[in-house]
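K.L.:
Below is a structure I'd like to ask you about.
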Ligand code: C5P
């Protein structure tokens, strides 16, 4: 193995992707947002009215889904069957169903295989829920991020408001605790802290402090 894999897991809205993006930029690694893939699958299922409990329907839908990460300037778009869905997958109606979809075994099997391919032979930073435990159990550096639930809800609320999404703190709070509960109690690769992960509680850390901490760790082990 010649590539370097950084796995970042943790609860919803802990700033995983913010750290992952900054880290990838700093180290010149490829950033992969695995949650965006589960969101794109969910969007497809909702558009096609797929019955999540019908495994045949789920399998057949999965075979019709193509997900691509497409660089555009300093950003990366996520494409579902050739169309940019980056904005749509962040909407609340997708967030409200994504954990149910991500708990389906066939969905996880398909996504994990694709994530492993994306991370083969490249230096990557991938964030998600099961990256250090299931997707890349041999990752070179594993981080587990956490933060006070109220601080997380506030951050997410501000983010959604900035995007013009009509929502309330109540709704955001409920969505985060709902997803955390399903994500950590599902049967198939639940959200777990890997034994060898560096735990970062960023409730009171700035983005710069978090980045410095991770870079220091990277320098020490690379
Ligand atoms: O990271 P993000 O919050 O966008 O992920 C959305 C949802 O996708 C999570 O709440 C979880 O249900 C699912 N997910 C997952 N495994 C991953 C990444 C995300 O189950 N590796």
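Residue numbers (the UniProt record's numbering): 4 to 225.
Where is the CB? At the ideal position from N, CA and C, for every residue including glycine.
Find out if the Cβ-Cβ distance for the pair residue 147, residue 13 is shorter than 8 Å.
P.N.:
For this step, residue 147 is matched to residue 144 along the chain shown. For this step, residue 13 is matched to residue 10 along the chain shown. In contact: residue 147 and residue 13 (Cβ atoms closer than 8 Å).
K.L.:
Taking residue 9 as part of the alpha helix (DSSP H), name the residues at either end of that continuous run.
P.N.:
Counted from its first residue, the chain shown places residue 9 at position 6. Residue 9 -> not in any alpha helix (DSSP H); beta strand (DSSP E) instead, spanning 8-13.
K.L.:
Give the C-beta separation of residue 130 and residue 19 to the nearest angstrom, bearing in mind that I take them to be a contact with Cβ-Cβ under 8 Å.
P.N.:
Sequence index remark: in the chain shown, residue 130 carries index 127 (1-based). Sequence index remark: in the chain shown, residue 19 carries index 16 (1-based). Rounded, the Cβ-Cβ distance is 4 Å, consistent with contact.
K.L.:
Judging by CA-CA distance, which residue of 17, 5 and 10 is the nearest neighbour of residue 207?
P.N.:
Within the chain shown, the letter at position 204 stands for residue 207. Here the closest residue by C-alpha is 17.
K.L.:
Do you know how far the Cα of residue 73 is from the Cα of residue 44?
P.N.:
As a first step, residue 44 is located in the chain shown; it is residue number 41 there, counting from the start. As a first step, residue 73 is located in the chain shown; it is residue number 70 there, counting from the start. Roughly 17 Å between the two C-alpha positions.
K.L.:
What does a CB cutoff of less than 6 Å around residue 176 pick up in its chain, not counting 5 residues either side in sequence?
P.N.:
Counting from one through the chain shown, the residue named residue 176 turns up at place 173. 156, listed in sequence order.
K.L.:
Any residues whose CB sits closer than 6 Å to a heavy atom of the ligand C5P? List them in chain order?
P.N.:
A residue is listed when its beta-carbon falls short of 6 Å from at least one non-hydrogen atom of the ligand C5P; in chain order these are 15, 37, 38, 41, 42, 101, 102, 105, 131, 132, 133, 134, 182 and 186.
K.L.:
Say whether the segment 177-184 touches the segment 95-105, bearing in mind that this needs 3 or more beta-carbon pairs closer than 8 Å, one atom from each stretch.
P.N.:
yes
K.L.:
Find the nearest neighbour of residue 137 within the set 24, 195, 109 and 158, judged by alpha-carbon distance.
P.N.:
In the chain shown, the residue the question calls residue 137 occupies position 134. Of the candidates 24, 195, 109 and 158, the one whose C-alpha sits nearest the C-alpha of residue 137 is 195.
K.L.:
Which of the three DSSP states is assigned to residue 76 in this structure?
P.N.:
Along the chain shown, one-based indexing puts residue 76 at 73. Reduced to three states, the DSSP call for residue 76 is coil.
K.L.:
If I measure Cβ to Cβ from residue 87 and keep anything under 8 Å in the same chain, skipping five residues before and after, which residues do I get?
P.N.:
Looking up residue 87 in the chain shown gives position 84. For residue 87, where only same-chain residues beyond five positions count, the Cβ hits under 8 Å are 73, 80 and 81.
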